[in-house]
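>
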Amino acid sequence: MKIKIPLHVSGLWIPSISSSYLETGSYGAGLNLAMYIEAGIVDDGGCGIYINNARVLREQSMEICNNTGTSISVNAYSPVSLGRGFGISAGLLIAHALASYHALKYSSMKALQLAHVLEVKYLTGLGDVLSEYTGGFAIRLKPGAPGVGIAHRVVVFEKPVLIVGELSSGESTQVMLSRITSELYEVAFSYYKKLVESEDLLDFFNYSQLFTRKVFDYSVVDKILSDRKGIISYYLKKSALIIWVEKEYASEIHELLNSNGIKAFETTISDGGVMIEHPG
1 MKIKIPLHVS GLWIPSISSS YLETGSYGAG LNLAMYIEAG IVDDGGCGIY
51 INNARVLREQ SMEICNNTGT SISVNAYSPV SLGRGFGISA GLLIAHALAS
101 YHALKYSSMK ALQLAHVLEV KYLTGLGDVL SEYTGGFAIR LKPGAPGVGI
151 AHRVVVFEKP VLIVGELSSG ESTQVMLSRI TSELYEVAFS YYKKLVESED
201 LLDFFNYSQL FTRKVFDYSV VDKILSDRKG IISYYLKKSA LIIWVEKEYA
251 SEIHELLNSN GIKAFETTIS DGGVMIEHPG
């Protein structure tokens with residue numbers, strides 16, 4: 001069994017904190033990319049989560065095993081690193097929880113909800129599990145875990161060509177959230193309400209850039225991309241750079257990032273959310 005989870009990069013997020021982890025989450029919007037965490041079960045009798053052969057999220061993985069009474073490990077491949085703004089921790093917890101619950105023939109929804117609870121409890125994310133479950137261009141309409149919160153996958157009639165960059169610098173989600181003021185969240189929520197009405201991808205990019213410019217340092221990115229032809233819009237989340245480009249300029253922008261020491265990928269928006277592939 002292989003579990004595939006799309007990478008997710010939020011552009012707008014407004015936390016909504018409840019006394020219940022299941023109901024805690026965020027309003028907002030983000031893009032699920034056609035770039036995936038691919039995870040499989042490791043038959044070693046242990047309990048753990050591995051990404052690119054490095055063990056991570058130890059406490060969370062032990063909670064999953066204790067919760068299910070299983071001893072299952074998953075090893076995942078990801079094209080980008082943990083902690084860079086791509087929703088990797090959520091994807092890894094989804095993979096481990098699904099593998100553990102599948103072994104017991106338990107509900108996949110319960111597995112997704114446990115992954116969300118652990119994201120909230122350990123301060124690694126608020127809306128990524130719901131968004132990755134939804135897939136595509138996802139607008140979070142009601143905060144919470146899958147089955148509790150609600151996210152809408154916007155129908156995109158013409159898929160954008162995206163150049164995705166992974167910058168070298170980064171910070172934890174907890175530190176990032178601590179720097180955002182309530183006044184800035186009010187601004188973000190005003191953008192969010194407009195986006196809910198328009199469901200327009202360019203609006204999403206523009207609102208996301210307006211919001212995240214007040215959170216992250218764009219100076220390096222702006223210097224590289226200034227006056228470049230073929231760029232429709234872009235935004236930055238932690239170390240995740242998402243650039244919407246005209247198709248004929250994709251290779252040029254891809255090479256531009258690489259030449260400036262930024263690992264780059266050409267991709268688009270995912271067609272769906274979490275997927276499970278069975279052998280044969």
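Under the numbering used here, think of the first position of the sequence shown as 1, with each following residue one higher.
Built from N, CA and C at the ideal position, the CB exists for glycine as well.
By Cβ distance below 6 angstroms, which residues in the same chain neighbour HIS8 in space, the five residues on each side in sequence not counted?
So the qualifying residues of the chain are GLY30, ASN32, GLY87, ASP128, SER131 and GLU132.
> Does the segment 249 to 261 touch the segment 216 to 234, meaning 3 or more C-beta pairs lie closer than 8 angstroms?
Yes: the two stretches touch, three or more of their Cβ pairs being nearer than 8 angstroms.
> CB-CB under 6 angstroms to GLU277, same chain, minus the five flanking residues each way: which ones, in chain order?
Only LYS2 meet the Cβ criterion.
> Relative to the C-alpha of VAL245, which candidate in HIS102, SER61, ALA76 and VAL164 has its C-alpha closest?
Per the Cα distances, VAL164.
> Do three or more CB pairs link the segment 150 to 159 to the segment 100 to 112 at distances below 8 angstroms?
Judged by Cβ distances under 8 angstroms, the segment 150 to 159 makes no contact with the segment 100 to 112, as fewer than three pairs qualify.
> So, at 7 angstroms on beta carbons, what are the nonlocal neighbours of ASP44 in its own chain, with the 5 sequence-adjacent residues on each side left out?
For ASP44, where only same-chain residues beyond five positions count, the Cβ hits under 7 angstroms are SER73.
> Starting from the C-beta of LYS247, find all residues in its chain whose C-beta is less than 6 angstroms away, skip the five residues before and the five after it, and write them out in chain order.
So the qualifying residues of the chain are VAL161.
> Taking LEU201 as part of the alpha helix (DSSP H), name the residues at either end of that continuous run.
Here the alpha helix (DSSP H) through LEU201 covers 201 to 212.
> Going by DSSP, what residues sit across from GLU266 in a beta bridge?
In DSSP, GLU266 forms a bridge with ILE163.
> Name the DSSP bridge partner or partners of ASN75?
According to DSSP, which records beta bridges pairwise, ASN75 is partnered with GLY40 and TYR50.
> State the Cα-Cα distance for the pair GLU171 and SER107, rounded to the nearest angstrom.
Spanning the two alpha carbons is a distance of roughly 34 angstroms.
> May I have the straight-line CA-CA distance separating PRO143 from PHE216, to the nearest angstrom?
Computed Cα separation, rounded: 24 angstroms.
> Give me the Cβ distance between TYR27 and PHE205, rounded to the nearest whole Å; I'm assuming they're in contact under 8 angstroms.
Rounded, the Cβ-Cβ distance is 18 angstroms, inconsistent with contact.
> Output the distance between the C-alpha atoms of LYS121 and SER219, rounded to the nearest integer angstrom.
Going from the Cα of LYS121 to the Cα of SER219 covers about 33 angstroms.
> From LEU82, LYS110, ILE243 and GLY230, pick the residue whose C-alpha is nearest to that of ILE37; which is it?
The shortest Cα separation from ILE37 among LEU82, LYS110, ILE243 and GLY230 belongs to LEU82.
> Using the rule of at least 16 other Cβ atoms within 10 Å of the residue's Cβ for burial, across every protein chain shown, is LYS238 buried or exposed?
Label assigned to LYS238: buried.
> Going by DSSP, what residues sit across from VAL56 in a beta bridge?
ILE49.
> So is GLY125 buried or exposed if we call it buried at 16+ other beta carbons inside 10 Å?
Result: buried.
> Would you mind reading off the limits of the beta strand (DSSP E) that contains LEU245?
Going by the sequence as given, residue 245 is Val instead of Leu. Where VAL245 is concerned, the enclosing beta strand (DSSP E) stretches over 240 to 245.
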